[in-house]
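Asker: For the sequence shown, my numbering begins at 505 and goes up steadily by one.
Cβ coordinates follow ideal geometry from the N, Cα and C atoms, glycine included.
This structure is a prediction, so every number in the text was calculated from the model and none was measured.
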Amino acid sequence: MLDRSAGIDGSTEVTAGAALFTRLKALGVDYVFCNSGTDFPPIIEGLAEAAAKDVALPEAVVIPHEHAALGMAHGYYLATGAAQAVILHTNVGLSNGSTGAINAATDQIPMILMSGRTPVMEKGRFGARTVPIGWGQEMRDQTALVREACKWDYELRFPEQIGPLLDRAHAIANSTPKAPVYLSLPREVLCESVSSDGLLAPPSMRPVTSSADAADIEKTARLLAEARSPLIIAQRGAGSEAGFAALSKLAEDWSIPVCQWWAVATAIATDHPCYVGADPLPWIGEADVILVIDSLAPWWPDMHVPGTDTTVVHLGPDPLFARFPVRTFRSDLSIGCETGEGIVRLEQAMRERLSRQVGARMRRRKLLETRVPAIRAKTADAAAASHPMTKAFVSKCLSDAIAGKDATVLSELGCPLDPIVLKRHGSWHQEPHSGGLGWSFPCALGMQLADRDKLIVATMGDGSYMFANPVACHQIAEAMELPILVLVLNNTEWAAVRHSVAGLYPNGYAARANRMPLTSLQPSPDFVKVAEASRAWAVKVDTAEELLRALEDAIRHIREKRSLAFVEVTIG
């Protein structure tokens, strides 16, 4: 362990590159996901010096594509709740990582994003430009590449700023609502030396957390308790295990239907008696009170229309989603808080009212007992075996394969939620609503890095798989021994684009064309060979009869051989 008052060789000076990692360790960062370049020599020298002196630092891992680095930090946070760090290479590396930063911002994922900056000086200072790329990568405003995705940004000017700036960055990233922050690192500054005093001290500032106003919780509890036909819409999960349990109890005690429209995380078990699936119809038109839990777009305005007299309450870390320029969903009461904490307090406030409005609760229970089985039957029908296979059928088979296992499923235009039986907080994540594709594969790697005993399943379409830079991701999985299950549902097209066109122009030329323009991904690459290039277990499945066995074999391989398993499924 490094003495607080001494450098790593016993002196009072360390390189700025070493100081950077030392302070990150003190802030609780476990991993720094790195894609290095010519701006990294002082960082690499500092890491080598620390290794020679047995100094404890966060583990610096080589990630061969920047999008994967951001995705792994994203997944590690989802699994642990601990913000990690990413360091990229000047402007070109930052531009490759910008999609991951947008995804993290939309998903409210904190991380400390950094990138080197091309040397400011052409000569005369240690660390100045030495190769032509130093001129070619200079920008007037490098930070502009990620500024809209970051809630704070700055450029390191002097090495003695490292401790205070990292403390500030970490605290702001983890403050409600959470988001990435960005720090630019000029090479000359990293080449300087700095005193090691205080580098291992506790953080000098703490994140800001929001708590719901007691009067707002009481008002919401009264509204829901007295409602004739309340509805809960949850899109981004329940915030915590306690929030998940509280929402489950609240919904069951009060017989309130819960809809997960376009969910990116599970807020309630998919077999809960009050879970009514992903479609808010007909519940939203009947509702007199709607509780919207942490939902960016809680319904489709052209399709789902709350009543004019309906009271709408939004609850979450940023209930108005202020960073999005246009979002005009009505909110009669906006409660800013950590989602899990707010749900727990709301359930407690409503528990005190359970002896009242018994008749309304019983009528809702009978309605749920009538409607929910019909919803489940419709889901089961959609998931029936067919040729070609459907996404819903693949979900059902995956549900059977992971039953009884500690598993987390990620879907990126892959397996839909409702056919899978998922009973716990954190068991499901869908791509962020920003739609930066290529997210699920590296995110799953980050989650597996955080918990090597859990079964992590990344499901995605063929287009999403290609966006993930699969050669890079498979290399990471092999190099870091991360045995995830990758499931690619291959329909050889951009199906989301085709559905969007058909939705806007149902009777248009494109919808009637034998081959819709700008949607085809034919001919499809041999994805099995891509996976096998990094020694993965891989198989392609073309028929429904083969799928469950293939999934079971893949999971058995993961359990016994501890390496990545890849299943490509041909769907219609």
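Is the distance from the Cβ of proline 614 to the Cβ of proline 684 below 8 Å?
Answerer: Residue 614 sits at position 110 when you count from the first residue of the sequence shown. Residue 684 sits at position 180 when you count from the first residue of the sequence shown. Yes, Cβ-Cβ distance for proline 614 and proline 684 is below 8 Å.
Asker: Fully enclosed by the stretch 975-1018, which beta strand (DSSP E) runs are 3 residues long or longer?
Answerer: The stretch 975-1018 contains these whole beta strand (DSSP E) runs: 989-994.
Asker: To the nearest whole angstrom, what separates the beta carbons of valine 471 and isoleucine 736, a pair I think is in contact under 8 Å?
Answerer: Past the boundaries of the shown model lies residue 471; the chain is included only from 505 to 1076, so the question cannot be answered.
Asker: Give the straight-line distance between the Cα atoms of isoleucine 879 and glutamine 612, rounded to the nearest whole angstrom.
Answerer: Here the question's residue 879 lines up with position 375 in the sequence shown. Here the question's residue 612 lines up with position 108 in the sequence shown. About 31 Å.
Asker: Tell me which residue opens and which closes the alpha helix (DSSP H) that aspartate 1057 is part of.
Answerer: Stepping through the sequence shown from its first residue, residue 1057 is reached at position 553. Looking at the DSSP string, the run of the alpha helix (DSSP H) that includes aspartate 1057 is 1048-1065.
Asker: If we count Cβ pairs, one from each stretch, closer than 8 Å, do we get three or more for the stretch 772-781 versus the stretch 872-886?
Answerer: The answer is yes - the stretch 872-886 touches the stretch 772-781, with three or more Cβ pairs under 8 Å.
Asker: Which residue wins for smallest C-alpha separation from leucine 819, given the options Asp671, Arg710, Leu850?
Answerer: Counting from 1 along the sequence shown, the entry for residue 819 is found at position 315. Closest option to leucine 819, Cα to Cα, is Leu850.
Asker: With 16 as the cutoff for other CB atoms within 10 Å, does alanine 972 come out buried or exposed?
Answerer: Translated into the one-based positions of the sequence shown, residue 972 becomes position 468. Looking at its Cβ environment, which holds 16 or more other Cβ atoms inside 10 Å, alanine 972 is buried.
Asker: Quick one: what does DSSP say leucine 687 is sitting in, helix, strand or coil?
Answerer: As a first step, residue 687 must be located in the sequence shown, where it is residue number 183. The answer is strand: DSSP assigns leucine 687 an E or B state.
Asker: Please go through the stretch 562-616 and give each complete alpha helix (DSSP H) segment of 4 or more residues, from N-terminal end onward.
Answerer: Qualifying alpha helix (DSSP H) stretches, in chain order: 570-584, 594-610.
Asker: With distances taken from CA atoms, which of Ile1059, Glu549, Gln1026 is nearest tryptophan 1041?
Answerer: Residue mapping note: residue 1041 aligns to position 537 of the sequence shown, counting from 1. The candidate whose alpha carbon is nearest that of tryptophan 1041 is Ile1059.
Asker: Closest by CA to valine 793, which one among Pro810, Asn1011, Trp804, Asp806?
Answerer: Start at 1 with the first residue of the sequence shown, and residue 793 comes out as number 289. The shortest C-alpha separation from valine 793 is found at Pro810.
Asker: Under 7 Å Cβ to Cβ from valine 596, same chain only, skipping five residues before and after it: list those, please.
Answerer: Taking the sequence shown and counting its residues from 1, the one referred to as residue 596 is at position 92. Closer than 7 Å at Cβ, skipping near neighbours: Gln641.
Asker: What's the gap between the Cα of arginine 956 and the Cα of serine 540?
Answerer: For the purposes of this step, residue 956 is taken as residue 452 along the sequence shown, with counting starting at 1. For the purposes of this step, residue 540 is taken as residue 36 along the sequence shown, with counting starting at 1. When rounded, the distance between both Cα atoms is 26 Å.
Asker: Less than 8 Å between the CB atoms is what I'm expecting for alanine 907 and valine 925, so what's the real figure, rounded?
Answerer: Start at 1 with the first residue of the sequence shown, and residue 907 comes out as number 403. Start at 1 with the first residue of the sequence shown, and residue 925 comes out as number 421. The pair is a contact, with the Cβ atoms about 7 Å apart (cut-off 8 Å).
Asker: Return the residue from the list Leu785, Glu790, Phe825, Thr812 that minimises the CA-CA distance to leucine 800.
Answerer: The residue you call residue 800 lines up with position 296 of the sequence shown. Nearest option by C-alpha distance: Phe825.
Asker: Spatial neighbours of serine 838 within its chain, please: CB distance less than 7 Å, with the 5 preceding and 5 following residues excluded, ordered by chain position.
Answerer: In the sequence shown, the residue the question calls residue 838 occupies position 334. These residues qualify, in order along the chain: His818, Pro823, Leu824.
Asker: Whose C-alpha, out of Arg633, Asp775, Ile847, Glu517, is nearest the C-alpha of arginine 621?
Answerer: If you number the sequence shown from 1, residue 621 lands on position 117. Per the Cα distances, Arg633.
Asker: Assess contact between the stretch 856-869 and the stretch 1042-1053, defined as three or more Cβ pairs (one per stretch) separated by less than 8 Å. Is contact present?
Answerer: These segments do not touch.
Asker: Sorted by chain position, which residues of the same chain lie with C-beta nearer than 6 Å to phenylalanine 945's C-beta, five sequence neighbours on each side aside?
Answerer: Locating residue 945 in the sequence shown gives position 441, where the first residue counts as 1. Excluding residues within five positions, the ones whose Cβ falls inside 6 Å are Ala962, Ala972, Cys977.
Asker: Nearest to phenylalanine 861 by CA position, among Val992, Leu921, Arg726, is which residue?
Answerer: By one-based count along the sequence shown, residue 861 stands at place 357. Per the sequence shown, residue 861 should be read as glutamine rather than phenylalanine. Taking only the C-alpha atoms, the option nearest glutamine 861 is Arg726.
Asker: Which of the three DSSP states is assigned to arginine 621 in this structure?
Answerer: On the sequence shown, position 117 is the one that residue 621 refers to. Reduced to three states, the DSSP call for arginine 621 is strand.
Asker: Taking C-alpha atoms, which residue in Asp910, Val693, Lys900 lies nearest to glycine 493?
Answerer: Beyond the ends of the chain as shown, which are 505 and 1076, falls residue 493; an answer cannot be given.
Asker: Going by beta-carbon coordinates alone, are arginine 887 and alanine 896 separated by less than 8 Å?
Answerer: The sequence position of residue 887 within the sequence shown is 383, counting from 1. The sequence position of residue 896 within the sequence shown is 392, counting from 1. For clarity, residue 887 is alanine in the given sequence; the question names arginine instead. It is a contact, given that the beta carbons lie within the stated cut-off.
Asker: Does the separation of the CB atoms of proline 764 and leucine 921 fall below 8 Å?
Answerer: Within the sequence shown, the letter at position 260 stands for residue 764. Within the sequence shown, the letter at position 417 stands for residue 921. The sequence shown places glutamine at residue 764, not proline. Result yes, Cβ atoms of glutamine 764 and leucine 921 sit closer than 8 Å.
Asker: Exposed or buried, which one is tryptophan 639 when buried takes at least 16 other CB atoms within 10 Å?
Answerer: Here residue 639 is taken as the residue at index 135 of the sequence shown, counted from 1. When all chains shown are included, tryptophan 639 counts as exposed.
Asker: Could you give the uninterrupted runs of the beta strand (DSSP E) lying entirely in the stretch 626-675, keeping only those of 3 residues or more?
Answerer: Listed in chain order, they are 657-659.
Asker: On the criterion of 16 or more Cβ atoms from any shown chain inside 10 Å, does glycine 532 qualify as buried, or is it exposed?
Answerer: By 1-based counting over the sequence shown, the position of residue 532 is 28. When all chains shown are included, glycine 532 counts as exposed.
Asker: Return the chain-ordered list of same chain residues with a C-beta closer than 7 Å to the C-beta of proline 784, the five sequence neighbours on each side being excluded.
Answerer: Taking the first residue of the sequence shown as position 1, residue 784 is located at position 280. Ile737, Cys763, Trp765, Trp803, His808, listed in sequence order.
Asker: Could you say if the stretch 988-998 and the stretch 1023-1043 meet the contact criterion of at least three C-beta pairs nearer than 8 Å?
Answerer: Yes, since at least three Cβ pairs between the stretch 988-998 and the stretch 1023-1043 fall closer than 8 Å, the two stretches touch.
Asker: Give me whichever residues DSSP pairs with methionine 854 in a beta bridge.
Answerer: Locating residue 854 in the sequence shown gives position 350, counting from the first residue. Methionine 854 pairs with nothing; no bridge assigned.
Asker: Can at least three beta-carbon pairs, one atom from the stretch 565-572 and one from the stretch 928-936, be found at a separation below 8 Å?
Answerer: With a cut-off of 8 Å, the stretch 928-936 and the stretch 565-572 do not count as touching, because too few Cβ pairs lie within range.
Asker: What would DSSP say about proline 734, mapped onto helix, strand or coil?
Answerer: As a first step, residue 734 must be located in the sequence shown, where it is residue number 230. In this structure, proline 734 counts as strand in the three-state DSSP scheme.
Asker: Short of 7 Å in beta carbon distance, which residues of its chain neighbour alanine 905, apart from the five on each side in sequence? Order them along the chain.
Answerer: Start at 1 with the first residue of the sequence shown, and residue 905 comes out as number 401. Same-chain partners within the cutoff: Leu1052, Leu1055, Glu1056, Ile1059.
Asker: Can you check DSSP and say which residues form a bridge with tyrosine 535?
Answerer: Residue mapping note: residue 535 aligns to position 31 of the sequence shown, counting from 1. Partner(s): Glu563.
Asker: Measure the Cβ-Cβ separation of leucine 582 and serine 619 and say whether it is below 8 Å.
Answerer: Numbered from 1 along the sequence shown, position 78 holds the residue referred to as residue 582. Numbered from 1 along the sequence shown, position 115 holds the residue referred to as residue 619. Cβ distance not < 8 Å, so leucine 582 and serine 619 don't count as in contact.
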